[in-house]
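Let me begin by presenting the structure, written as structure tokens, before commenting on it.
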Amino acid sequence: MKKWLTMVFLPVVLLLFLSFPFTAYTHPYIIDSYDVVIDVGHGGIDGGTSANGVLEKDLNLLFGQKLMKELRQKSYHVGITRLHDYSLSDDSPFPHLRRHMRDLTQRKLIADALKPKVFISLHVNWSKHNKRRGPVIIYQVSGKSYHLARIVQEHLNSYYNMKKRPQKGTPYFLMKHLDMPSIIVELGYISNREDFRLLTDEKAQHDIVAVLVHAIEEYLLLYPADEA
Ligand SMILES: [Zn+2]
Numbered sequence: 163m164k165k166w167l168t169m170v171f172l173p174v175v176l177l178l179f180l181s182f183p184f185t186a187y188t189h190p191y192i193i194d195s196y197d198v199v200i201d202v203g204h205g206g207i208d209g210g211t212s213a214n215g216v217l218e219k220d221l222n223l224l225f226g227q228k229l230m231k232e233l234r235q236k237s238y239h240v241g242i243t244r245l246h247d248y249s250l251s252d253d254s255p256f257p258h259l260r261r262h263m264r265d266l267t268q269r270k271l272i273a274d275a276l277k278p279k280v281f282i283s284l285h286v287n288w289s290k291h292n293k294r295r296g297p298v299i300i301y302q303v304s305g306k307s308y309h310l311a312r313i314v315q316e317h318l319n320s321y322y323n324m325k326k327r328p329q330k331g332t333p334y335f336l337m338k339h340l341d342m343p344s345i346i347v348e349l350g351y352i353s354n355r356e357d358f359r360l361l362t363d364e365k366a367q368h369d370i371v372a373v374l375v376h377a378i379e380e381y382l383l384l385y386p387a388d389e390a
């Protein structure tokens, strides 16, 4: 008797389940709003700065991947401009532009398509003054970018034990042309011995990413609306 009941009920329940429209609302792959786009600086032919055989493009990628993973674990919707070592300018539909401009316009196209609440470019600094060290956050002059920069700068300052202020970045093409709050995070100076150690040490990398996650969380909590 039980077996007979199962044979009748199971197809009916399955049919109801499959035809019920709630699946459309819970589909895990439909993302209509991004919280964060991580822009991984340089790549491919463009290595960025370097020291002791370590290239900026590789550090940017490493930090970008770790940051994406940590944010996704906290259920944020995260996009990223590159996941491998390649030059974004290779994908550009504008062959007449210089390579650097092709690279930047690709990053802008990604930002415009995903429309995240925040856009964060990861870079590493260099100076001929090898005592210069610490994180530098550069922000888009308009709107909320300053608040994002201030929060990220404060969090990183406490990790690096420094008292730096974020800097205005008017001439920077990418930030000038983005609609959402956007910042450049110069994670540290590859030319400074202590910063080099932090940037290349696995434990420190993990800690720096945790600091960035806290800062982004704080910003999104304080400034939840998505206009710039
Ligand atoms: Zn750079």
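Numbering (our numbering) for the sequence shown: 163 to 390.
Glycine residues also receive a C-beta, built at the ideal position from the N, C-alpha and C atoms.
May I have the straight-line CA-CA distance separating residue 380 from residue 264, to the nearest angstrom? The residue labelled residue 380 in the question sits at position 218 within the sequence shown. The residue labelled residue 264 in the question sits at position 102 within the sequence shown. Approximately 33 Å, taken between the alpha carbons.
Contacting residues, own chain, Cβ-Cβ under 7 Å from residue 161 (five flanking each side not counted): What is shown of the chain runs 163 to 390, which leaves residue 161 out entirely.
Is the CB-CB distance between residue 317 and residue 371 below 8 Å? Along the sequence shown, one-based indexing puts residue 317 at 155. Along the sequence shown, one-based indexing puts residue 371 at 209. It is not a contact, given that the beta carbons lie outside the stated cut-off.
Enumerate in chain order the residues of its own chain whose CB-to-CB distance from residue 294 is below 7 Å, with the five nearest sequence positions on each side excluded. If you number the sequence shown from 1, residue 294 lands on position 132. Taken in chain order, the residues that qualify are 351, 354.
Applying the 10 Å Cβ sphere with the 16-neighbour rule, what's the burial state of residue 281? As a working mapping, residue 281 is identified with position 119 in the sequence shown. Buried.
Residues in its own chain within less than 6 Å of residue 225 by CB, not counting five upstream and five downstream? Indexing the sequence shown from 1 puts residue 225 at position 63. Excluding sequence neighbours, residue 225 sits near 284.
Which residues neighbour ligand 1 when neighbourhood means a C-beta less than 5 Å away from any of its non-hydrogen atoms? List them by chain order. Listed by position along the chain, the residues with Cβ atoms less than 5 Å from a non-hydrogen atom of ligand 1 are 203, 210, 285.
To test your reading of the DSSP string, which unbroken beta strand (DSSP E) runs of 3 or more residues are found completely within the segment 256-300? Counting whole runs of 3 or more residues, the segment 256-300 contains the beta strand (DSSP E) stretches 280-287.
Three-state secondary structure (DSSP) at residue 203? Residue 203 sits at position 41 when you count from the first residue of the sequence shown. Residue state, collapsed to three classes: coil.
Buried or exposed: which applies to residue 274, given that a residue is buried once 16 or more other Cβ atoms fall within 10 Å of its Cβ? Here residue 274 is taken as the residue at index 112 of the sequence shown, counted from 1. The residue in question, residue 274, is exposed, as its Cβ has fewer than 16 Cβ neighbours within 10 Å.
Roughly how many angstroms lie between the CA atoms of residue 231 and residue 292, to the nearest whole one? For the purposes of this step, residue 231 is identified with residue 69 of the sequence shown, where counting begins at 1. For the purposes of this step, residue 292 is identified with residue 130 of the sequence shown, where counting begins at 1. The straight-line gap from Cα to Cα measures roughly 32 Å.
Rounded to whole angstroms, what is the Cα-Cα separation between residue 240 and residue 378? If you number the sequence shown from 1, residue 240 lands on position 78. If you number the sequence shown from 1, residue 378 lands on position 216. So the two alpha carbons sit approximately 12 Å from each other.
Quick check on the DSSP output: what are the complete beta strand (DSSP E) runs of length 3 or more inside the segment 195-254, in order along the chain? 198-202, 240-242
Through-space distance from residue 297 to residue 360, alpha-carbon basis: Sequence index remark: in the sequence shown, residue 360 carries index 198 (1-based). Sequence index remark: in the sequence shown, residue 297 carries index 135 (1-based). Straight-line Cα distance between these residues: approximately 11 Å.
Using C-beta distances below 7 Å, list every residue in its chain close to residue 195, excluding the 5 sequence neighbours before and after it, in chain order. Locating residue 195 in the sequence shown gives position 33, where the first residue counts as 1. The beta carbon of residue 195 sits closer than 7 Å to those of 239, all from its chain and outside the five residues before and after it, given in chain order.
Just curious, the beta strand (DSSP E) that residue 351 is in, first and last residue? Here residue 351 refers to the residue found at position 189 of the sequence shown. Element bounds for residue 351: 344-351.
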